[in-house]
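Student: Mind looking over this structure? Questions follow.
Protein chains: 2
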Amino acid sequence: MIDLIAENSMIAQLTRGFLRSPLQRNRIHESDAELLEVSADGSFLAVTTDTVAEEIALGLYSEPYLAGWMVVMANMSDLAAVGAAPLGILLSELFPTNFAQEEIDRLQQGIHDACDACGTFVLGGDTNIGDRLILTGCAIGTVSAGTALRRSGVRPGDLVYSTGRLGLGNAFALNQLAGYPTDKSAVVYKPSARLIQGRTIRGIATACMDTSDGMLATLDQLMRLNGVGFRVDADLESYFDPDALRIARLRKISPWLMLAGQHGEFELLFTVPSDGETMLRAAAERDGWLPIRIGVATAQPGIDINLNGRFVRVPGVRIRNLMANVGHSITAYLQGLFAIDKEIQKGVSEHVATV
Amino acid sequence: MIDLIAENSMIAQLTRGFLRSPLQRNRIHESDAELLEVSADGSFLAVTTDTVAEEIALGLYSEPYLAGWMVVMANMSDLAAVGAAPLGILLSELFPTNFAQEEIDRLQQGIHDACDACGTFVLGGDTNIGDRLILTGCAIGTVSAGTALRRSGVRPGDLVYSTGRLGLGNAFALNQLAGYPTDKSAVVYKPSARLIQGRTIRGIATACMDTSDGMLATLDQLMRLNGVGFRVDADLESYFDPDALRIARLRKISPWLMLAGQHGEFELLFTVPSDGETMLRAAAERDGWLPIRIGVATAQPGIDINLNGRFVRVPGVRIRNLMANVGHSITAYLQGLFAIDKEIQKGVSEHVATV
């Protein structure tokens, strides 16, 4: 089931011939950051790499400050999702030949500010010259072995939570890519890695994954890895970012598409046992944040979301493979999403056998 | 003196606003990999990142297998140069949209074989789609704190060694880039990170740096960091790669240019105290390799090399800034190197005050 998703099958194919390190404590796909047992003191090293390239090439991060901020946050978010505390980040920056000094300064300021917000440091890096701006980060952190969070571990009946409101990543992407006028539709997109939250839920959550690819892709991946389903029964308004709802209404787009697009908001989605809610709420209150309950894990695979009281089955494979299937054309991608929405609104949904 | 080199001043400028981690045990420029004190057991974490982009864009690594091999080896070489043992590597791969499955397979085979040769593992990664192939690695290793190698520590009178013969990286680059016919000039370029050698010289070498940017750039950087000079008094033939000499003679190019070009061979250059030679030779013999003595560190800055019995002062600033000064044009870069050679052959060399 996992390899029905183009990205998963590509990873499987790329890593086919590779051996795993005997020190590695996670399987492929099993965690947002790689977990390594390197010391005898009961802690894991958590390491991850993430490149910001397509978002810049598409014009999504047209502002260098945002590109710098995002390469740090995308990597830190992976550490957050395993419950790790960051040691720092290495950065490889590929600058276009015509990149102005002032653009470099804004880029570095974004990197600096994001590190500052995470209480972490740039440890080192590499610079190269190329056709366009490409930023790669590699974040390193530590997490005590017994409490490292993974994507696996969800059981039917577990409650599903988010560390924050959802949909803003796609609302921002729609504004940037669909060429809307910026007056009424402006949103501020500057996500923060949920490092505190990831550490709060260690020992409480049964599984965790960040929403870097949007909420539905995250639930879909958790579904495939755990052999469960998800029933998102909360009212949309209870977990939606108000700006995401506003943009959807302004543009007359079904709000759920703000969960389906693949530009996420870097919250953590996590599951807790049905009797773990009290412990979660107390721990989160102690650490100064509020978990948002969005649904429940079910025994049967499939993702159903509550759209104004009506439950709709989400076609995970079609949505997640859409970008690859349209050859990475943004226009065709948006058209494809709107077409899926049209079918869903008519009550036509993907056959369960293909989830 | 360090900031006379364009790359150094760029790094200084990029990192200007950044704070250093309190756990970091190396200064900027001071080591090939970053050193972090993260555990109480007396070991450092060594981390580094290196991107292979320009070499692919220029046609230097036109074969995907070599590109895959090189991204692993370039990163492992940085670990070797601090004396670290690798834990593994993270890889971020940016594939061009038209990249064939068969090319991906060859690329991954190169990555696999390089990891195998280093006794290490791919830990995880990221994939993206872009205009052309770009590969970024992030290698992680460990080294016992007291024996980590750095670029700093050279004292006048120290002997300078290489872990292997030099010049092949530039001979290969010349063949690939200058459009020579391949019949007589073919060379096999497949460097191996000197991980064993880096571990041999821990506790013996006073400083170490890899020759990823060519021998002269390496000596020049060690000179600037340590406030010393280098007298390369060995006969060229005693430390030159035979294939590099052969290509130089075939093309009627002064052999020393094979040390001046910025495409290196990933050997380690290191210094040992003048009374440390016996210990070095014994340790290297135990580990199955032969150090090659190339020269000696001097009190006065400047790099002098022995060209058939005549010592020539190398214009380090001009050579190292050449690529940036010609706007990254390969034709202009080669012409610039040939022009510098012409001046040197006439006995004209850079004024000492500008080294």
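Read top to bottom, the protein sequences are chains F and G.
Read in order, the letters of the first sequence are residues 696 to 1050 in my numbering.
Read in order, the letters of the second sequence are residues 696 to 1050 in my numbering.
Backbone N, C-alpha and C fix where the C-beta goes; we use that ideal spot for every residue, glycine too.
For chain F, is any of its Cβ atoms less than 8 Å away from the one on Leu818 (chain G)?
Tutor: So, interface residue.
Student: Any Cβ of chain G within less than 8 Å of the Cβ of Val833 (chain F)?
Tutor: The question names Val, but residue 833 (chain F) in the sequence shown is Cys. Answer yes: the Cβ-Cβ gap between Cys833 (chain F) and chain G drops below 8 Å somewhere.
Student: So the candidates are F:Ala834, F:Glu749, F:Leu854, F:Glu732; which of them puts its Cα closest to the Cα of Thr993 (chain F)?
Tutor: Comparing Cα positions, the closest option is F:Leu854.
Student: Taking the alpha-carbon positions, what's the Ala728 (chain G) to Arg897 (chain G) distance?
Tutor: Going by the C-alpha atoms only, they are around 15 Å apart.
Student: Going by the DSSP bridge assignment, what does Met904 (chain F) pair with across the sheet?
Tutor: Answer is F:Leu964, bridged to Met904 (chain F).
Student: On a CA-only basis, which of G:Phe925, G:Glu960, G:Gly924, G:Gly814 is nearest Ala939 (chain G)? Give me that one, please.
Tutor: If we check each option's Cα against that of Ala939 (chain G), G:Glu960 comes out closest.
Student: Beta-carbon separation of Ala843 (chain F) and Val742 (chain F) under 8 Å?
Tutor: No.
Student: To the nearest whole angstrom, what separates the beta carbons of Thr831 (chain G) and Ser772 (chain G), a pair I think is in contact under 8 Å?
Tutor: That pair is no contact at about 15 Å.
Student: Is there a Cβ from chain C that is less than 8 Å from the Cβ of Gly959 (chain G)?
Tutor: Protein chains F and G are contained in the structure displayed, whereas chain C is not.
Student: Would you list, in chain order, the members of the region 722–733 of chain F that have their beta-carbon closer than 7 Å to a beta-carbon of chain G?
Tutor: Within the region 722–733 of chain F, the residues whose Cβ lies closer than 7 Å to some Cβ of chain G are Glu729, Leu731, Val733, listed in chain order.
Student: Taking only beta-carbon atoms, is Ala748 (chain F) less than 8 Å away from chain G?
Tutor: Yes, Ala748 (chain F) counts as interfacial toward chain G.
Student: How do the region 822–829 of chain G and the region 858–877 of chain G stand: do at least 3 beta-carbon pairs fall below 8 Å, yes or no?
Tutor: Touching, no.
Student: With the cut-off set at 8 Å, would you say Ala769 (chain F) and Val747 (chain F) are in Cβ contact?
Tutor: Their beta carbons are under 8 Å apart, which means Ala769 (chain F) touches Val747 (chain F) by this criterion.
Student: So, with DSSP's three-state summary, where would you put Glu1045 (chain G)?
Tutor: At Glu1045 (chain G) the pLDDT is 46, less than 50, meaning the model places this residue with poor confidence; the figure from the coordinates comes in the next sentence. Looking at Glu1045 (chain G) - three-state DSSP - the assignment turns out to be coil, as it is neither helix nor strand.
Student: Cα separation between Ile941 (chain F) and Ser716 (chain G)?
Tutor: Checking the sequence shown, residue 941 (chain F) turns out to be Arg, not Ile. Approximately 41 Å, taken between the alpha carbons.
Student: Taking Thr744 (chain F) as the query, report the chain G residues whose CB atoms sit under 8 Å from its CB, ordered along the chain.
Tutor: Simply Leu785, Leu786, Ser787, Gly819, Gly820, Asp821, Thr831, Cys833.
Student: Within 8 Å of any Cβ in chain G, is that where the Cβ of Met768 (chain F) sits?
Tutor: No, Met768 (chain F) does not count as interfacial toward chain G.
Student: Are Arg801 (chain G) and Glu725 (chain G) closer than 8 Å when you measure CB to CB?
Tutor: Contact: no.
Student: Mind listing the chain F neighbours of Leu718 (chain G)? Cutoff is C-beta to C-beta under 7 Å, in chain order.
Tutor: What Leu718 (chain G) touches in chain F: Leu782.
Student: Which residues, in chain order, does the region 902–926 of chain G contribute to contact with chain F at a C-beta distance below 7 Å?
Tutor: For the region 902–926 of chain G, which is checked against every Cβ of chain F, not one residue is closer than 7 Å.
Student: Taking DSSP as the reference, what is the three-state secondary structure of Leu1017 (chain F)?
Tutor: Three-state result, Leu1017 (chain F): helix.
Student: Work out the CA separation of Ile948 (chain G) and Ser1044 (chain G) for me, nearest whole Å.
Tutor: With a pLDDT of 47 at Ser1044 (chain G), under the threshold of 50, the modelled position of this residue cannot be trusted; read the value that follows with caution. Each residue's alpha carbon lies about 18 Å from the other.
Student: For a quick check, are the C-beta atoms of Gly922 (chain G) and Gly997 (chain G) less than 8 Å apart?
Tutor: Going by C-beta atoms, Gly922 (chain G) is not nearer than 8 Å to Gly997 (chain G).
Student: If the cut is a Cβ gap below 9 Å, which residues of chain F does Phe713 (chain G) touch?
Tutor: Gln803, Ile806, His807, Cys810, Phe816, Val817, listed in chain order.
Student: Which class does Thr792 (chain F) belong to by DSSP, given the choice of helix, strand or coil?
Tutor: If DSSP states are grouped into helix, strand and coil, Thr792 (chain F) belongs with coil.
Student: So with CB distances below 8 Å, who are the chain G contacts of Ala735 (chain F)?
Tutor: Per Cβ cutoff of 8 Å: Asp736.
Student: So what does DSSP say about Thr858 (chain F), is it helix, strand or coil?
Tutor: In this structure, Thr858 (chain F) counts as coil in the three-state DSSP scheme.
Student: Using the beta-carbon of each residue, which ones in chain G are nearer than 9 Å to Ile700 (chain F)?
Tutor: Correct list: empty, because the minimum Cβ distance to chain G is about 13 Å.
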